[in-house]
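To start, the structure under review is shown below, and the notes come after it.
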Amino acid sequence: MLLFYIIGVLVGMLIPIQTSVNSRLSLYTKSPFYTSFISFSVGTICLIILNIIINPEVFTIHFYNNQSFNYTWVVGGLLGVSFLTGNLLLLPKLGATLTVIATVAGQIIMGVIIDTFGLFGATIHDFNWWCKL
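UniProt numbering puts the first residue of the sequence shown at 1, with every later residue one more than the last.
Written out as structure tokens, the structure is:
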């Protein structure tokens, strides 16, 4: 279990790096929206290649014929765009530290709400400060 906490911290450390790099890219593109587009396009290309290698069946008609399409197919991407672009707009105004603090605070608050009420089909987890520390 400790390994998962360590992985979580390491992955979390990537967010301010990504935001800083994308903020730097915004200096060249002059647009946080175009910067987000570039970032998501590069990510999309990487994920297509990864899926072709690891999970090629997702590119077949048979795979999609057996799926039911609902909000979960698009909302994650829309939220990702909002998060990335929001960070790009915040970083020049707040700096890296306050941008991360503000977004992590929002993630903690929403995480507690999702765990408490089982939103979006999540398993309900009782929240208490001692267990979470």
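Backbone N, C-alpha and C fix where the C-beta goes; we use that ideal spot for every residue, glycine too. What you are looking at is a predicted structure, and each value in this text was computed from that prediction instead of being measured.
Item checked: C-beta atoms of Thr85 and Ser36 nearer than 7 Å -> Yes.
Note to self: Give me the residue from Asn70, Leu90, Tyr5 and Phe69 with the minimum Cα distance to Pro32.
What the structure shows: That would be Leu90, whose Cα lies nearest to the Cα of Pro32.
Next item on the list: Look at the Cβ atom of Ser39, then the Cβ atom of Ala96, and state whether they are nearer than 7 Å.
Entry: For Ser39 and Ala96, no; Cβs fall outside 7 Å.
Checklist line | Inter-residue spacing [alpha-carbon to alpha-carbon] between Leu88 and Ser26 | finding: Distance between the alpha carbons of Leu88 and Ser26: 8 Å.
Notebook entry, point to check: Roughly how many angstroms separate the alpha carbons of residue 134 and Asn66, rounded to a whole number?
Noted result: This structure gives no information on residue 134, because the portion of the chain shown stretches from 1 to 133.
Note to self: Considering only the alpha carbon of each residue, which of Ile7, Leu119, Gly76 and Pro16 lies closest to Thr103?
What the structure shows: Out of Ile7, Leu119, Gly76 and Pro16, Pro16 has the C-alpha closest to the C-alpha of Thr103.
Next item on the list: Run the CB neighbour count on Thr72, radius 10 Å, all protein chains shown included, and call it buried at 16 or more, exposed below.
Entry: In this structure Thr72 is exposed. Its beta-carbon is surrounded by fewer than 16 other beta-carbon atoms within 10 angstroms.
Margin query: If the criterion is Cβ atoms closer than 7 Å, does the pair Ala105 and Ile114 meet it?
Written below: No, the Cβ-Cβ distance between Ala105 and Ile114 is not below 7 Å.
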